[in-house]
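Line by line, the protein sequences give chains A and B. Count the first sequence with my numbering and you get residues 601 to 872, in order. Count the second sequence with my numbering and you get residues 193 to 488, in order. For glycine and all other residues, C-beta sits at the position ideal for the given N, C-alpha and C. In this text, all values refer to a predicted model and were calculated from it rather than measured experimentally. Some notes on the structure that comes next.
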Amino acid sequence: MNEPTRIRLPLRIWAAVAALLLVAPTLVVIPLSFSDKRSFAFPIEGWSLQWYEKFFTDQRWLSSLGTSLWIALVVAVIATALGTLAALGLRGLRARLAATAQITMMLPILVPGIVAAIAIFGMYLRWGLSGSPLGLVLAHLALALPFVLIPVGTALRGLDETLVRAAAVLGAGPVARFVQVQLPILLPGIVTGFIFAFVTSLDEVVVAYFLQSPTVRTLPVQMYSSVTVETDPSIAAASTLLLVLSTLIILIPRLVQVVRERRAAKQLGDVA
Amino acid sequence: MTVTATAGAELRLSGLVKRYGGAAAVQHVDLDVASGEFLTLLGPSGSGKTTTLSMVAGFTTPSEGSVVCDGAEITSVPPHKRGLGMVFQNYSLFPHLTVRENVEFPLRQRGVPKAERTARALAALELVELHTRAQAKPGQLSGGQQQRVALARALVFEPRLLLMDEPFGALDRALRERLQLELRRLHRELGITVVFVTHDQEEVLTLSDRIAVFNEGRIEQVGTPEELYEHPATLFVARFIGESNAVAGETIGGEFVGAAGVRLTAHGVADGPAVAIVRPERVRVLPAGPRRPSAN
Numbered sequence: 601m602n603e604p605t606r607i608r609l610p611l612r613i614w615a616a617v618a619a620l621l622l623v624a625p626t627l628v629v630i631p632l633s634f635s636d637k638r639s640f641a642f643p644i645e646g647w648s649l650q651w652y653e654k655f656f657t658d659q660r661w662l663s664s665l666g667t668s669l670w671i672a673l674v675v676a677v678i679a680t681a682l683g684t685l686a687a688l689g690l691r692g693l694r695a696r697l698a699a700t701a702q703i704t705m706m707l708p709i710l711v712p713g714i715v716a717a718i719a720i721f722g723m724y725l726r727w728g729l730s731g732s733p734l735g736l737v738l739a740h741l742a743l744a745l746p747f748v749l750i751p752v753g754t755a756l757r758g759l760d761e762t763l764v765r766a767a768a769v770l771g772a773g774p775v776a777r778f779v780q781v782q783l784p785i786l787l788p789g790i791v792t793g794f795i796f797a798f799v800t801s802l803d804e805v806v807v808a809y810f811l812q813s814p815t816v817r818t819l820p821v822q823m824y825s826s827v828t829v830e831t832d833p834s835i836a837a838a839s840t841l842l843l844v845l846s847t848l849i850i851l852i853p854r855l856v857q858v859v860r861e862r863r864a865a866k867q868l869g870d871v872a
Numbered sequence: 193m194t195v196t197a198t199a200g201a202e203l204r205l206s207g208l209v210k211r212y213g214g215a216a217a218v219q220h221v222d223l224d225v226a227s228g229e230f231l232t233l234l235g236p237s238g239s240g241k242t243t244t245l246s247m248v249a250g251f252t253t254p255s256e257g258s259v260v261c262d263g264a265e266i267t268s269v270p271p272h273k274r275g276l277g278m279v280f281q282n283y284s285l286f287p288h289l290t291v292r293e294n295v296e297f298p299l300r301q302r303g304v305p306k307a308e309r310t311a312r313a314l315a316a317l318e319l320v321e322l323h324t325r326a327q328a329k330p331g332q333l334s335g336g337q338q339q340r341v342a343l344a345r346a347l348v349f350e351p352r353l354l355l356m357d358e359p360f361g362a363l364d365r366a367l368r369e370r371l372q373l374e375l376r377r378l379h380r381e382l383g384i385t386v387v388f389v390t391h392d393q394e395e396v397l398t399l400s401d402r403i404a405v406f407n408e409g410r411i412e413q414v415g416t417p418e419e420l421y422e423h424p425a426t427l428f429v430a431r432f433i434g435e436s437n438a439v440a441g442e443t444i445g446g447e448f449v450g451a452a453g454v455r456l457t458a459h460g461v462a463d464g465p466a467v468a469i470v471r472p473e474r475v476r477v478l479p480a481g482p483r484r485p486s487a488n
């Protein structure tokens with residue numbers, strides 16, 4: 601028992617340091633958002649909620665938050681549906697065609713964001729889509745699709761084809777097979793995909809910056825504009841909110857899993 | 193017990209052919225399965241037995257020929273409308289459902305009301321002695337238990353034909369033998385027709401009423417275990433069923449002449465190279481004592 605502990609302790613310290621380095625810069629915004637000074641100065645001398653008050657009373661911040669949330673939601677819903685269908689469809693294709701189709705759909709995460717943004721902007725100017733909510737939703741959809749395709753595809757690889765056959769021979773038609781067998785087994789992958797799609801759209805700034813208009817301005821774009829023209833600690837409040845929101849959303853599946861495992865463990869305990 | 197005996201279905205396969213590209217996996221299979229019969233498709237892997245079963249289940253559409261069940265042509269009926277029970281080698285229990293929900297699954301597809309569904313599922317689980325694990329998830333059961341659940345799930349809606357695709361292949365020997373006995377008992381109690389696929393010739397001899405021996409996409413011989421053992425129609429069948437010694441030689445004018453001067457009568461065997469099959473238990477070895485005077 602000694603040996604594992606000896607190895608484990610340095611590993612733990614190492615992991616903690618690495619995690620701290622990754623997360624610390626982000627966490628700095630949290631105390632900053634509670635500062636009573638109109639600056640980003642450390643150390644913080646007095647505490648205040650004024651920047652949150654400003655955030656929630658300023659129409660610019662509120663409306664951009666609203667825009668971000670509804671665009672992210674629409675993108676996540678559509679990307680999840682399309683990505684799941686695409687992953688299912690890819691499995692039905694012949695190997696070479698499937699590989700080509702998959703790479704095509706993954707391109708948005710391989711192409712540098714700024715290149716994609718300029719290309720999309722150029723095409724949208726011609727199509728008259730720039731500055732419209734539809735345009736932004738479509739652009740974010742392309743960016744979010746790979747994040748659904750990957751987890752659903754992975755879940756699908758774990759789905760034994762004979763399960764679908766078993767369901768068929770036991771009397772389940774195509775719809776029942778999908779709803780009662782494939783969907784529940786793929787659900788963790790689909791939920792992961794939905795969350796990543798939502799967060800991808802919520803966080804995205806480059807494309808959203810190019811495609812912005814007075815009516816379509818997402819929170820990251822508003823934050824970026826705010827930080828370039830003024831040093832308004834409202835941005836720290838906005839960052840903190842975005843951080844908390846993203847973290848919560850990403851933690852949801854993990855929390856659900858923990859609750860389920862507890863319940864299952866309790867059931868087992870009852871039986872035994 | 194609510195799982196009652198039903199008359200098993202009659203199955204008729206005529207002229208079944210399945211080609212993949214140019215290669216034929218199954219070449220002209222004719223087979224009649226009587227009501228209540230336990231028929232085994234036996235053969236090495238790649239011999240076409242699984243493809244044949246798959247055409248009966250409806251997963252594979254035959255290139256030629258027909259599948260007729262109880263007089264109704266079902267060749268192109270999709271699997272979910274055939275009403276067959278099936279057990280797979282890898283159990284194929286739905287991992288997200290409990291044992292009871294797994295067994296209820298076929299009843300749910302048939303619109304059976306909730307209360308009746310549960311009662312019938314528990315009865316079917318009792319049949320395989322697993323009703324105490326109804327609330328467990330398949331992942332919490334051993335392989336043998338999972339396969340018994342799969343069997344309960346395949347029987348709960350009282351199908352008249354049960355297909356089994358190497359169902360005990362993944363289990364260890366002791367467990368396999370126990371489940372074979374259990375299956376034998378269930379088959380007798382329920383009167384269901386069973387088509388069973390395996391490559392394990394030992395399994396076949398204990399379970400089957402009749403055996404169809406597959407080789408290279410064709411049926412070499414169909415018969416009872418005794419018939420196949422005592423009167424193999426081809427060399428392949430003789431070698432595949434039971435232990436045997438093979439003596440190579442030649443037939444000339446109704447007589448077989450083999451190595452070491454073995455001579456046997458061979459009526460009805462064409463002249464040419466031949467193999468004599470000797471079952472080891474038919475060979476008796478006696479002490480070579482001195483010749484007795486009375487024997488002259």
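Quick check on this structure: which residue in A366(B), L276(B), E394(B) and G441(B) has the alpha carbon closest to the alpha carbon of L203(B)? Among A366(B), L276(B), E394(B) and G441(B), the Cα nearest to that of L203(B) belongs to L276(B).
Which same chain residues, not among the five before or five after L367(B), have their C-beta less than 7 Å away from its C-beta? In its chain, beyond the 5 residues on either side, G336 have a beta carbon closer than 7 Å to the beta carbon of L367(B).
Tell me whether W727(A) is buried or exposed, calling it buried when 16 or more other Cβ atoms sit within 10 Å of its Cβ. An exposed status is given to W727(A), since fewer than 16 other beta-carbon atoms sit within 10 Å of its beta-carbon.
Going by alpha carbons, who is nearest to L705(A) out of P833(A), V799(A), S834(A) and V748(A)? Sequence check: residue 705(A) is Met here, not Leu. Ranking the options by Cα distance to M705(A), first place goes to V748(A).
Using a C-beta cutoff of 8 Å, does I790(A) count as contacting chain B? Chain B, which has no Cβ nearer than 8 Å to the Cβ of I790(A), makes this no.
Would L375(B) pass as a contact of L397(B) if the rule is Cβ separation under 8 Å? No, these two residues do not count as a Cβ contact at 8 Å.
Out of R292(B), E435(B) and V304(B), which one is the CA nearest neighbour of P330(B)? For the options R292(B), E435(B) and V304(B), the alpha carbon positioned closest to that of P330(B) is the one of R292(B).
For my contact list, S284(B) and H391(B) are in at a C-beta cut-off of 8 Å; report their separation, rounded to the angstrom. Not really, about 19 Å apart at Cβ, beyond 8 Å.
Our contact map puts L208(B) next to V221(B) with C-beta atoms below 8 Å; I'd like the distance itself, whole angstroms only. L208(B) to V221(B), Cβ: 4 Å. Contact.
What does the Cβ neighbour count give for R660(A), buried or exposed, with the cut at 16 atoms within 10 Å? With fewer than 16 other Cβ atoms within 10 Å, it is exposed.
With DSSP run on the structure shown, which of helix, strand or coil describes I403(B)? Strand, per DSSP.
R345(B) CB to nearest chain A CB: under 8 Å? Chain A, which has a Cβ nearer than 8 Å to the Cβ of R345(B), makes this yes.
Along chain E, which residues have their Cβ under 7 Å away from the Cβ of V781(A)? Protein chains A and B are contained in the structure displayed, whereas chain E is not.
Quick check: the segment 631-640 of chain A against the segment 684-703 of chain A, are at least 3 beta-carbon pairs closer than 8 Å? With a cut-off of 8 Å, the segment 631-640 of chain A and the segment 684-703 of chain A do not count as touching, because too few Cβ pairs lie within range.
Taking Cβ positions only, does T762(A) come closer than 8 Å to chain B? True, the Cβ-Cβ gap to chain B drops below 8 Å.
8 Å Cβ cut-off: residues of chain A touching F280(B): Listed along the chain, the chain A residues whose CB falls inside 8 Å of the CB of F280(B) are T762, R765 and A766.
Contact set between H272(B) and chain A, taken where Cβ atoms lie within less than 9 Å: In chain order: A767, A768, V769, L770, G771, A772, G773, P774, A776 and R777.
Are three or more beta carbon pairs between the segment 846-861 of chain A and the segment 791-800 of chain A nearer than 8 Å? Contact holds: three or more Cβ-Cβ distances are below 8 Å.
Give the straight-line distance between the Cα atoms of A326(B) and L314(B), rounded to the nearest whole angstrom. Answer to the nearest angstrom: the Cα atoms are 7 Å apart.
Same chain, Cβ closer than 8 Å to M278(B), five either side skipped, listed in chain order: Cβ within range, chain order: A249, A346, L354, L355, M356 and D357.
If we count the other Cβ atoms within 10 Å of its Cβ and call it buried at 16 or more, is I835(A) buried or exposed? Burial call: buried.
Name, please, each residue of chain A whose Cβ falls closer than 7 Å to the Cβ of A249(B). Contact of A249(B) with chain A by beta-carbon distance below 7 Å involves V769.
For chain A, is any of its Cβ atoms less than 8 Å away from the one on L353(B)? False, the Cβ-Cβ gap to chain A never drops below 8 Å.
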